[in-house]
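Notes follow the structure.
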Amino acid sequence: GVGDRAAREAFEFALQRQLDCVAAMNAEGRRMLSELAADPDKVGVVILSRPYSGFAEEAHMGIPHKFASRGVPVIPLDFLDLEPERSKRHMYWGMGKLLIKAARLVEKHPQLFGTFITNFSCGPDSFLIGYVRDIMGRKPSLTLELDSHTADAGLETRVEAFLDIVQAYRQLSTQRLIPPRTERFTPARSVLEAGRARVKTSAGELLPLTDPRVTILIPSMGRLGTEAFAAFMRGYGLNAKAHRENDEAILKIGRANTSCKECLPLILTTGTLLSYVQNGRRPEEVVVYFMATGSGPCRFGQYAIFMEDLVRRMRIPDVALLSLSSDNSYVGMDKNFERHAWWAVVVSDVMEDIRSMLLAAALDPAGAMAVFEEEWQHTLAAMERADFKVLTAQLSRSAARLKAIALRLPPRSVPTITLSGEIFVRRDSLSRQYLTERLARRGFATVCAPVAEWVHYCNYLVENGFNQTPLSALQKFKLKLRNFFQGRYETTIKEILASTGLVQAESPDVEKLLANAQPYISADLPGEAVLTVGGSLTDIVRHACGVIAIGPFGCMPNRISEAILSEAMTTRGKLAADPAAPHVRTILTDIDNLPFLAIESDGSPFPQVIMAKLETFMLRAERLHERMMAATRH
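Those letters in the sequence shown? Residues 638 to 1271, by our numbering.
Written out as structure tokens, the structure reads:
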């Protein structure tokens, strides 16, 4: 009921009040810095924190008062003029930018020292704390991670110890006994010049990516997908190598070189790079490490930045990072690059589900796996040819051979579990603790949410204007044309592989997934959570007798999904998502909660409580499957 003019006036008034408040805070900050400058023996502490953690009395546990009561001035970061300071490359979190800028100001000021107040399991801070420490270098800083169980006595001790360290640091600085930062190290980097991709070595030599000394190293993100990706890159003349599947050794190295607060995929990809550099690298080899990226809000977009910092911090020569996107013209690949990458995604998605069905339904699982591996190697060889006719001809031969494998029961009678959640963990064997094999031993086939689903979802976001940069009419036309051909390739590949009878291989219907998720989570919140919620409600009863959502420990999108699905995976929730299917209502008579299990993985074996929940989940899934089979017979 408020008109446009009144709304605009209210906004302008509120904006001015906000600007006045910021100006007053900056003025107070300048006054405090002037007082510090007038007394060179005095130091001040800048609170580096999110407002709701560091500046709310019910949350900060009196930490600012602990400094003030000891005569140390305390300055919140937003009392400082941070405009002249620079942030960090690809820092897409708003608070992250402020924290990085404040850290740079503190590091330069001889009388200021930083205290980072964070919360247990804060995802963005798992990266930001490391960035801040790197900026501080040898200058002391204090990090306090709070939760509801943090003891006050421990905080008092750490504040006292920090102030003692600051005093000692200042005395050593006065005596010029603090060694300067080590001499600059020049890491290798991938560059794009005149449309050609090259790598610039630590010595400054420019090499094309096709140089025999250059290896494109691809970390395992699910064996089949990684091997397919490496195969089609070899078709471009690159020495692309799919690293071995993640194992305990890789996990151990990753944990030793991270804070372990970052998400599991980052820990594993860190371990992969260091394992290769330490154990598998040839003399004179230049490693270009493939690391996909994103633009947030997920932590995934920080992986490549973390890796760059890691290489620089450990002074590893001739290791560059490579991220492929339209922004860097796919590092000079030709116009067919996207198309060939799409073939690899679709083929590996479907072959993963075929493998799972064979594990569960084959009369001789070991023999079936031997046949599968032979055909997979033939498929990889065909993928290297980068010719769709060659690829489809091989897929047809492989489909015929896979179809001939003896089964102990028809695939449609095999109980199926949908494995959804975070895209890396649900496809990586170590991360999911060999869940596919574990379920297969109990007679369940696992259908893993496809990587292609994410590609379709990204296309949907762009087509419907959810991306930040609006598209021109020509760009929209090109996008529709690309999506059309993507759909044709996907249909052809899936029809060939579905002829095995081992998979249905339907194309993901993103609009349906989002519609089913709409009552619980808005499509305006981009990311995997909406796909996990929508996909789970779509698949249960119709395609699957149970859903497992798995993700890294502390993954916020996965926790959102878990919170929603723990309430929504009910008969009522399913009927709301699928009201036009009368057999669904028949199957769910006198059933309330549907089989659903959420798992967080840190790479270690699942604890007993998860194993007990998994056993209960499988019993409930078996019972629902029996009902689904009975409804089919009738």
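Even for Gly, the Cβ is constructed at its ideal location relative to N, Cα and C.
Original post:
Taking one C-beta from the region 1095 to 1108 and one from the region 943 to 961 each time, how about it: are there three or more such pairs within less than 8 Å?
Top reply: no
Original post:
Which residue or residues does DSSP assign as beta-bridge partners of residue 1085?
Top reply: Against the sequence shown, residue 1085 aligns to sequence position 448. Paired residues: 1056.
Subject >> Cut-off 6 Å between Cβ atoms - residues of its own chain near residue 906, not counting five sequence neighbours on either side >> reply: Taking the first residue of the sequence shown as position 1, residue 906 is located at position 269. Counting only Cβ-Cβ distances below 6 Å, and skipping sequence neighbours, we find 856.
**OP:** Report the rounded CA-to-CA distance for residue 1170 versus residue 924, giving the unit in angstroms.
**Re:** The residue given as residue 1170 occupies position 533 in the sequence shown. The residue given as residue 924 occupies position 287 in the sequence shown. Between the alpha carbons of residue 1170 and residue 924 lies a gap of roughly 39 Å.
Original post:
What three-state label does DSSP hand residue 725 in the structure shown?
Top reply: On the sequence shown, residue 725 is found 88 positions in, with the first residue counted as 1. Secondary structure of residue 725 (DSSP, three-state): coil.
**OP:** Helix, strand or coil for residue 810, going by three-state DSSP, please let me know.
**Re:** Position 173 of the sequence shown, counted from the start, is the residue given in the question as residue 810. Note: residue 810 maps to helix in three-state DSSP.
**OP:** Give the straight-line distance between the Cα atoms of residue 991 and residue 1135, rounded to the nearest whole angstrom.
**Re:** To locate residue 991, count along the sequence shown from 1; it is residue 354. To locate residue 1135, count along the sequence shown from 1; it is residue 498. Going by the C-alpha atoms only, they are around 9 Å apart.
**OP:** Between the Cα of residue 779 and those of 785, 786, 793 and 788, spot the shortest distance and give me the residue it belongs to.
**Re:** The residue you call residue 779 lines up with position 142 of the sequence shown. Taking only the C-alpha atoms, the option nearest residue 779 is 793.
Original post:
For chain B, is any of its Cβ atoms less than 8 Å away from the one on residue 769?
Top reply: Looking for chain B here will not work: only one protein chain is present.
Original post:
Going by the CB atoms, is the gap between residue 858 and residue 1009 shorter than 8 Å?
Top reply: In the sequence shown, the residue the question calls residue 1009 occupies position 372. In the sequence shown, the residue the question calls residue 858 occupies position 221. No.
**OP:** Check residue 750 in the structure and name its three-state DSSP category.
**Re:** Translated into positions along the sequence shown, residue 750 becomes position 113. Residue state, collapsed to three classes: strand.
Original post:
To the nearest angstrom, how far is it from the Cα of residue 1066 to the Cα of residue 869?
Top reply: In the sequence shown, the residue the question calls residue 1066 occupies position 429. In the sequence shown, the residue the question calls residue 869 occupies position 232. Each residue's Cα considered, the two are about 22 Å apart.
Subject >> Between the CA atoms of residue 739 and residue 659 - distance to the nearest angstrom >> reply: Position 22 of the sequence shown holds residue 659. Position 102 of the sequence shown holds residue 739. Spanning the two alpha carbons is a distance of roughly 15 Å.
Original post:
Going by Cα to Cα distance, which pick from 785, 838 and 959 is closest to residue 921?
Top reply: For the purposes of this step, residue 921 is identified with residue 284 of the sequence shown, where counting begins at 1. Looking at the Cα atoms, 838 is the closest of the given residues.
Original post:
For residue 687, is the classification buried or exposed, using 16 other Cβ atoms within 10 angstroms of its Cβ as the cut-off for buried?
Top reply: Counting from 1 along the sequence shown, the entry for residue 687 is found at position 50. Buried.
Subject >> the ligand SAM heavy atom lying under 7 Å from the CB of residue 726 >> reply: This structure simply doesn't include the ligand SAM, nor any ligand for that matter.
Original post:
For residue 878, which residues of its own chain have a beta-carbon under 8 Å away from its beta-carbon, when the five flanking residues on both sides are left out?
Top reply: Stepping through the sequence shown from its first residue, residue 878 is reached at position 241. So the list reads 852, 853, 854, 855 and 867, once near-sequence residues are dropped.
Original post:
In this structure, does DSSP put residue 837 in helix, strand or coil?
Top reply: Taking the sequence shown and counting its residues from 1, one reaches residue 837 at position 200. Correct three-state label for residue 837: strand.
Original post:
From 1047, 1250, 840 and 763, pick the residue whose C-alpha is nearest to that of residue 1141; which is it?
Top reply: Here residue 1141 is taken as the residue at index 504 of the sequence shown, counted from 1. Cα-wise, what sits closest to residue 1141 is 1047.
Subject >> Alpha carbon of residue 781 to alpha carbon of residue 799, nearest angstrom >> reply: Numbered from its first residue, the sequence shown carries residue 781 at position 144. Numbered from its first residue, the sequence shown carries residue 799 at position 162. Taking the straight line joining both Cα atoms gives about 11 Å.
**OP:** For residue 864, count neighbouring Cβ atoms within 10 angstroms of its own Cβ and tell me buried if that reaches 16, exposed if not.
**Re:** By 1-based counting over the sequence shown, the position of residue 864 is 227. With 16 or more other Cβ atoms within 10 Å, it is buried.
**OP:** Closer than 8 Å by C-beta to residue 783: which residues in its own chain qualify, once you throw out the five before and the five after it? Chain order, please.
**Re:** Taking the sequence shown and counting its residues from 1, the one referred to as residue 783 is at position 146. Same-chain partners within the cutoff: 690, 696, 697, 698, 754, 755, 756 and 757.
**OP:** Please classify residue 756: does DSSP put it in a helix, a strand, or coil?
**Re:** Start at 1 with the first residue of the sequence shown, and residue 756 comes out as number 119. Residue 756: strand per DSSP, three-state reduction.
**OP:** Given a cut-off of 8 Å, decide if residue 917 and residue 730 are closer than it, judged by their beta-carbon atoms.
**Re:** Your numbering for residue 730 matches position 93 in the sequence shown. Your numbering for residue 917 matches position 280 in the sequence shown. No.
Original post:
For residue 713, which three-state DSSP category applies?
Top reply: Counting from one through the sequence shown, the residue named residue 713 turns up at place 76. In this structure, residue 713 counts as strand in the three-state DSSP scheme.
Original post:
Considering only residues of the region 1118 to 1183, which uninterrupted alpha helix (DSSP H) runs meet the minimum length of 4 residues and lie entirely inside it, listed in chain order?
Top reply: 1147 to 1154 and 1165 to 1176
Original post:
What are the boundary residues of the beta strand (DSSP E) that residue 852 is part of?
Top reply: Translated into positions along the sequence shown, residue 852 becomes position 215. Residues 851 to 855.
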